[in-house]
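Data first, discussion second: the structure below is written as structure tokens.
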């Protein structure tokens with residue numbers, strides 16, 4: 018098993034250098050890795066794969082911007098008086114092409130793509146050296162991991178920097194992302210169509226699933242590594258975003274019915290005084306985690322919970338607190354509330370007492386080493402697969418099946434839940450939206466959900482909320498639901514990248 022605690026080494030370090038010199042996409046010949054120093058052995062390939070996984074430690078990705086900003090931008094939290102102005106532009110909807118967080122997210126995703134391309138371009142050199150079936154299996158696994166990582170990065174770029182998918186005919190006219198599938202390429206920097214961009218993701222996921230095929234009885238849950246079922250889980254999400262509801266049901270069902278994952282019950286005790294659900298958030302281990310970004314005390318990413326606490330071993334001075342309307346969505350028996358929120362008195366001069374987001378208070382093993390508010394991101398969880406399938410069932414008119422999935426999820430989250438969930442055409446999407454908020458709160462889904470549902474939102478002031486930004490009404494399909502392409506990407510010599518409406 019790979020040791021993810023290793024720091025970027027050898028060839029992996031070169032990616033950071035070559036990609037940050039100019040554009041996120043452009044590499045000059047002097048920056049490229051010489052052919053004679055490229056991957057030549059299975060061990061070289063394995064080291065490159067370590068670097069690929071390490072790329073997800075970036076605070077611009079799941080342990081930071083990629084998770085937090087899409088929800089901060091919407092109606093999930095309020096900045097409060099005394100905050101440090103962290104993510105202030107995003108909170109105020111000053112969504113600019115020069116915003117450093119947007120630029121960093123774009124760059125980090127393309128850095129991951131470059132690492133994946135590097136592996137896929139040089140991996141064939143290793144094949145003649147393979148001697149055993151185990152070598153070939155390991156080789157295929159690494160290539161599958163590269164295809165999956167590339168698909169994941171492109172799916173996130175599409176989610177943030179492209180409009181919602183409105184059918185193939187429309188998507189062929191809409192701008193997608195810049196598709197780069199070679200590490201060494203002289204292709205012009207030009208955006209593909211939205212349709213082609215999604216097809217690239219699907220092609221990579223199909224290849225990844227085939228190469229990472231699971232054989233025999235193994236344990237897959239809570240893994241920091243990709244496998245066949247991570248490919249199916251992402252494929253289900255992408256299908257939902259594309260409105261391909263049959264595929265969404267198919268792929269989410271493959272994950273749900275596989276037997277490899279199980280919802281972590283909030284109403285069943287795992288250890289003294291702690292449920293399986295609580296343990297998932299306090300120790301980042303759970304039967305429902307399909308893929309997590311693995312942290313150790315020597316190699317970890319950003320601190321997701323910092324902005325919600327800013328604990329200095331004396332007081333809590335959060336920058337953001339949960340929006341009050343969120344609390345009212347949870348039923349009295351819903352144990353997610355107590356696992357996600359806990360009322361504390363802040364150390365700000367106003368002394369606000371408010372339910373703070375303890376979901377990201379931090380991994381307790383890391384906390385013991387004075388690594389505060391650092392939680393392992395869980396980009397793929399089984400709960401989301403139930404929500405994907407339920408929404409796809411609703412879109413297909415199968416309200417009974419959708420209700421069964423929501424009831425299954427609630428049964429694992431409520432102290433007592435013996436009933437069913439009745440859905441109708443009039444109520445179904447309200448139930449889906451609210452359940453996604455309650456389950457996936459501050460996991461980075463809200464901006465895309467509102468965009469694809471063509472819904473706006475309104476913020477209203479609450480206790481000690483910052484004046485600028487607390488009164489905000491955003492209409493459906495506002496151009497700023499789509500992030501602008503970073504300005505330096507548009508201005509790079511030779512760039513043919515077209516801007517988004519939010520760039521103008």
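Numbering (this note's numbering), first residue to last: 18 to 521. C-beta atoms are modelled at their ideal positions from N, C-alpha and C, and glycine is treated no differently.
Exposure of residue i, with buried meaning 16 or more beta-carbon neighbours within 10 Å
{"i": "residue 513", "result": "exposed"}
{"i": "residue 107", "result": "buried"}
{"i": "residue 309", "result": "buried"}
{"i": "residue 233", "result": "exposed"}
{"i": "residue 231", "result": "exposed"}
{"i": "residue 312", "result": "buried"}
{"i": "residue 57", "result": "exposed"}
{"i": "residue 498", "result": "buried"}
{"i": "residue 188", "result": "buried"}
{"i": "residue 344", "result": "exposed"}
{"i": "residue 134", "result": "buried"}
{"i": "residue 443", "result": "exposed"}
Beta-carbon proximity list for residue i, same chain, < 6 Å, skipping 5 on both sides
{"i": "residue 157", "result": "228"}
{"i": "residue 116", "result": "106"}
{"i": "residue 252", "result": "222 and 268"}
{"i": "residue 160", "result": "140 and 228"}
{"i": "residue 226", "result": "245 and 248"}
{"i": "residue 210", "result": "189 and 193"}
{"i": "residue 464", "result": "87, 90 and 91"}
Which listed residue (the options) has its alpha carbon closest to that of residue i
{"i": "residue 373", "options": "89, 362, 383 and 367", "result": "362"}
{"i": "residue 306", "options": "328, 337, 332 and 247", "result": "247"}
{"i": "residue 257", "options": "265, 251 and 509", "result": "265"}
{"i": "residue 426", "options": "452, 208, 131 and 380", "result": "452"}
{"i": "residue 332", "options": "323, 279 and 171", "result": "323"}
{"i": "residue 412", "options": "211, 434 and 448", "result": "448"}
{"i": "residue 353", "options": "141, 298 and 342", "result": "298"}
{"i": "residue 355", "options": "368, 142 and 376", "result": "376"}
{"i": "residue 61", "options": "119, 136, 276 and 105", "result": "136"}
{"i": "residue 350", "options": "199, 434 and 443", "result": "434"}
{"i": "residue 472", "options": "480, 456 and 493", "result": "493"}
{"i": "residue 72", "options": "416, 155, 380 and 242", "result": "242"}
{"i": "residue 446", "options": "216, 410 and 211", "result": "410"}
{"i": "residue 185", "options": "261, 393 and 282", "result": "261"}
{"i": "residue 486", "options": "65, 98 and 74", "result": "98"}
{"i": "residue 326", "options": "498, 319, 336 and 317", "result": "336"}
{"i": "residue 151", "options": "474, 508 and 59", "result": "59"}
{"i": "residue 329", "options": "318, 344 and 364", "result": "364"}
{"i": "residue 277", "options": "235, 418 and 311", "result": "235"}
{"i": "residue 389", "options": "321, 209, 443 and 149", "result": "321"}
{"i": "residue 430", "options": "454, 284 and 339", "result": "284"}
{"i": "residue 88", "options": "339, 344 and 419", "result": "339"}
{"i": "residue 466", "options": "416, 74, 405 and 345", "result": "405"}
{"i": "residue 491", "options": "90, 428 and 259", "result": "90"}
{"i": "residue 93", "options": "391, 483, 180 and 342", "result": "342"}
{"i": "residue 202", "options": "164, 367 and 131", "result": "131"}
{"i": "residue 428", "options": "304, 384, 282 and 488", "result": "282"}
{"i": "residue 455", "options": "482, 357, 470 and 55", "result": "357"}
{"i": "residue 82", "options": "213, 334, 126 and 254", "result": "126"}
Sequence-distant residues of the same chain with beta carbon closer than 7 Å to residue i, five excluded per side
{"i": "residue 502", "result": "114, 178, 514, 516, 517 and 520"}
{"i": "residue 286", "result": "292"}
{"i": "residue 208", "result": "192, 193, 194, 195, 514 and 515"}
{"i": "residue 420", "result": "437, 438, 439 and 440"}
{"i": "residue 432", "result": "284, 350 and 352"}
{"i": "residue 18", "result": "The predicted position of residue 18 is uncertain, since its pLDDT is 42 and thus under 50; a value taken from the coordinates is nonetheless stated next. Same-chain partners within the cutoff: there are none."}
Nearest-angstrom Cα separation, counted from residue j out to residue i
{"i": "residue 271", "j": "residue 249", "result": "7 Å"}
{"i": "residue 359", "j": "residue 294", "result": "16 Å"}
{"i": "residue 386", "j": "residue 314", "result": "7 Å"}
{"i": "residue 44", "j": "residue 200", "result": "Caution is warranted here: a pLDDT of 47 is assigned to residue 44, below 50, making its placement in the model unreliable, and no coordinate value can be reported."}
{"i": "residue 182", "j": "residue 441", "result": "25 Å"}
{"i": "residue 301", "j": "residue 84", "result": "16 Å"}
{"i": "residue 224", "j": "residue 153", "result": "16 Å"}
{"i": "residue 348", "j": "residue 438", "result": "14 Å"}
{"i": "residue 407", "j": "residue 509", "result": "44 Å"}
{"i": "residue 475", "j": "residue 109", "result": "12 Å"}
{"i": "residue 504", "j": "residue 318", "result": "26 Å"}
{"i": "residue 393", "j": "residue 238", "result": "14 Å"}
{"i": "residue 468", "j": "residue 148", "result": "50 Å"}
{"i": "residue 204", "j": "residue 240", "result": "36 Å"}
{"i": "residue 417", "j": "residue 96", "result": "40 Å"}
{"i": "residue 296", "j": "residue 190", "result": "46 Å"}
{"i": "residue 64", "j": "residue 70", "result": "10 Å"}
{"i": "residue 369", "j": "residue 378", "result": "18 Å"}
Residues near residue i in its chain [Cβ-Cβ closer than 8 Å; skip 5 each side]
{"i": "residue 403", "result": "269, 273, 280, 422, 423, 425 and 426"}
Minimum Cβ-Cβ distance from residue i to chain D less than 8 Å
{"i": "residue 318", "result": "The chain labelled as chain D is not found in the depicted structure, where only one protein chain is given."}
Is the number of C-beta pairs between the region 449–468 and the region 398–417 that are closer than 8 Å three or more?
-> yes
Using 8 Å as the threshold, is the region 162–182 in touch with the region 68–87, meaning 3 or more CB pairs across them?
-> yes
Validate contact between the region 186–195 and the region 134–148 using beta carbons, cut 8 Å, 3 pairs = No contact exists between the region 186–195 and the region 134–148.
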